[in-house]
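Working notes, beginning with the structure itself.
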Amino acid sequence: MSSMSSVLSAAEYLKTHPAARQVFDAIARASSISGWGLAKSLSIQPDDLQMILQDLRTEGLIQADTPELLDAFLYPSALGFRTGSFVS
Amino acid sequence: MRHFACWVMESSSYFGLWAMSLAYLVFDFFPQVKSVAAILTTPAFWILWAVFGFLNAIAFGLITTRDTLPAAAIINAPHLALAAVQFLSTIGVYSVLQSFSLQFAGQRVVDVEKLVASFRAEALEAARARKVALDRGRAGSIEAGLRSIYKNDFQALTEDYTRVMHLAGLKVETIEAQLNAYIQSAGLERELRLTELVMRIPVTDMENARRLLKRRRA
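Chains U and X supply the protein sequences, listed in that same order. Take the position in the first sequence, starting the count at 1, then add 54; the result is the number in this note's numbering. Once you know that position 120 of the second sequence is 106 in this note's numbering, the rest is easy, because the numbers rise by one and skip nothing.
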C-alpha cells in the first residue's frame, strides 16, 4: 500500500515535471489509452513520450499491460490514484 | 404470519441498504474506471462493498428503532421514509469512514481515513487493470479480423498502417522501414512482423480500427 511519503514524493515529481503531469493526467482521464494513443492525442513525439512513460512507471505512478510502453494500454497505479486526488 | 411479514419487511430493508451501498460505490468508481462491467468483475471492489455494506447495515440498525422508523414521523409515506433512512445511513457511513481518525497525545492512533483511501486506490487500480484487459480483448478481436485481410493485401496494410501511425507521430521513414522489413521477411519472422504491425492499429485508435475493419470487409 502506498504511504503518505510516497504520495508526497510522487506529487512533487508531477509538480516539477509539467510534461509528465500532462501525460499522467491524460492517462488518468482516459477510459483506456495506449502509448500510441497518447502520442496521437497529445501530439508528442513517440521517442519523447516513451521516456516520459518510463519515468512515470519508475516513479510508480502508472502501470502497463505489456513491457513495451508505446504498444501497451496504460492506467494509473494505486499510488497514481492517490496522488491524482492529492494534486487535483 | 405476522412474523413472516416482519421478516419480509426487514429483509427488503437490508436488501435496499446493500443495493444503495453498491450504487454509491459504482457511482464513486465510475468516473475513474468508466466501465460498469470492469468495476463489477473486480474482486477488490466486492471486498470493499462487503465491508461498506456491513458497516452500513450496522449504521442502519443504530438509527432505526425496533418497529418504527424515526423518519416516518416527518415523512408521511412508509417506503419513502425507509429509503430516506437508508440514504442517510449510507451517506453517514461513507462520510465517517472517509474522514475518521482518532488522535491521542498528538499521535494518530486510529486512522481509518488512510486505510480506506489506500484500499480504495488498490481497488481502483484493479478495476482499471480489468478494464484494460477487456479493451485488450476487444483490440485482439479487431486485430484478428484485420490480420486475415492484410495477410493477403499488402496494399491495404500499407495504406491503413501509414495513415494511423502517421497520425500517432511515427516518422514516415520509420513506417516505410517497418513495412519493408515485413515484406522482405519470410516464415515465422514474417508472421511476427505482421502481428506487430496489425496489433498497433486497434491499440492506437480502436474506433478507427473498427471502422477500417468494417470498410475492408464490405
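Beta carbons: idealized from backbone N, C-alpha and C, even for Gly. Note that this is a predicted model, so its numbers are computed, not measured.
Exercise for the section: Determine the closest residue to Ala93/U out of Arg114/X, Leu66/X and His152/X, with distance taken between C-alpha atoms. Expected result: Residue numbering aside, residue 93/U sits at position 39 when the first sequence is read from its first letter. Considering only alpha carbons, the answer is His152/X.
Exercise for the section: Using a Cβ cut-off of 8 Å (strictly closer), state whether Gln18/X contacts chain U. Expected result: Start at 1 with the first residue of the second sequence, and residue 18/X comes out as number 32. Yes, Gln18/X lies at the interface with chain U (some Cβ there is under 8 Å from its Cβ).
Handout entry: Rounded Cβ spacing between Ile116/U and Gly134/U (contact assumed at less than 8 Å)
Key = As a working mapping, residue 116/U is identified with position 62 in the first sequence. As a working mapping, residue 134/U is identified with position 80 in the first sequence. That pair is a contact at about 6 Å.
Practice task
Name the two residues that bound the continuous beta strand (DSSP E) containing Ile116/U.
Solution key: As a working mapping, residue 116/U is identified with position 62 in the first sequence. Ile116 to Ala118 is the extent of the beta strand (DSSP E) around Ile116/U.
Exercise for the section: Pull up the distance between the alpha-carbon of Val71/X and that of Ile49/X, whole angstroms please. Expected result: By 1-based counting over the second sequence, the position of residue 71/X is 85. By 1-based counting over the second sequence, the position of residue 49/X is 63. One C-alpha to the other measures close to 8 Å.
Problem - Beta-carbon neighbours of Lys117/X, restricted to chain U and to distances below 8 Å - result: Residue 117/X sits at position 131 when you count from the first residue of the second sequence. Against Lys117/X, the close residues of chain U are Ser85, Ser86 and Tyr129, in the order they occur along the chain (beta-carbon pairs closer than 8 Å).
Problem - Members of the segment 129 to 162 of chain X near chain U, C-beta cut-off 7 Å - result: Listed by position, the residues of the segment 129 to 162 of chain X near chain U (Cβ gap below 7 Å) are Leu153, Ala154, Gly155 and Leu156.
Problem - Run of the beta strand (DSSP E) containing Asp97/X, from where it starts to where it stops - result: Within the second sequence, residue 97/X is the residue found at index 111, counting from 1. For Asp97/X, the enclosing beta strand (DSSP E) begins and ends at Gln93 to Asp97.
Problem - Beta-bridge pairing of Leu128/U - partner residues as DSSP gives them - result: Taking the first residue of the first sequence as 1, we reach residue 128/U at position 74. Ile87/U and Ala118/U, per the DSSP bridge assignment.
Exercise for the section: Indicate whether at least one CB of chain U lies closer than 8 Å to the CB of Asp14/X. Expected result: As a first step, residue 14/X must be located in the second sequence, where it is residue number 28. Answer no: the Cβ-Cβ gap between Asp14/X and chain U never drops below 8 Å.
Problem - Three-state secondary structure assigned by DSSP to Ser87/X - result: Residue mapping note: residue 87/X aligns to position 101 of the second sequence, counting from 1. Note: Ser87/X maps to strand in three-state DSSP.
Exercise for the section: Just the C-alpha distance for Ala204/X and Val102/X, rounded to the nearest angstrom, thanks. Expected result: Counted from its first residue, the second sequence places residue 204/X at position 218. Counted from its first residue, the second sequence places residue 102/X at position 116. Cα to Cα, Ala204/X sits roughly 52 Å from Val102/X.
Exercise for the section: Output yes or no for whether 8 Å exceeds the beta carbon distance between Ser88/U and Ala126/U. Expected result: Here residue 88/U is taken as the residue at index 34 of the first sequence, counted from 1. Here residue 126/U is taken as the residue at index 72 of the first sequence, counted from 1. Cβ distance < 8 Å, so Ser88/U and Ala126/U count as in contact.
Handout entry: 8 Å Cβ cutoff met for Leu198/X and Tyr136/X
Key = Looking up residue 198/X in the second sequence gives position 212. Looking up residue 136/X in the second sequence gives position 150. Cβ atoms of Leu198/X and Tyr136/X: not closer than 8 Å.
Problem - Spatial neighbours of Gln89/X in its chain, beta-carbon cut-off 8 Å, leaving aside the 5 residues before and after - result: Taking the first residue of the second sequence as position 1, residue 89/X is located at position 103. Contacts found: Val95.
Problem - Unbroken alpha helix (DSSP H) run spanning Asp102/U, endpoints - result: Here residue 102/U corresponds to residue number 48 of the first sequence, with the count starting at 1. Per DSSP, Asp102/U belongs to the alpha helix (DSSP H) from Pro100 to Thr112.
Exercise for the section: Measuring only between beta-carbons, confirm whether Leu110/X sits less than 8 Å from chain U. Expected result: On the second sequence, position 124 is the one that residue 110/X refers to. Taking 8 Å as the CB threshold, Leu110/X lines the interface with chain U.
Practice task
Report yes or no: is there a C-beta of chain U within less than 8 Å of the C-beta of Met185/X?
Solution key: As a working note, residue 185/X is residue 199 in the second sequence. The beta-carbon of Met185/X is placed less than 8 Å from the nearest beta-carbon of chain U.
Handout entry: Contacts that Ala103/X makes with chain B (C-beta to C-beta distance below 7 Å)
Key = The structure shown contains no chain B; the protein chains it does contain are U and X.
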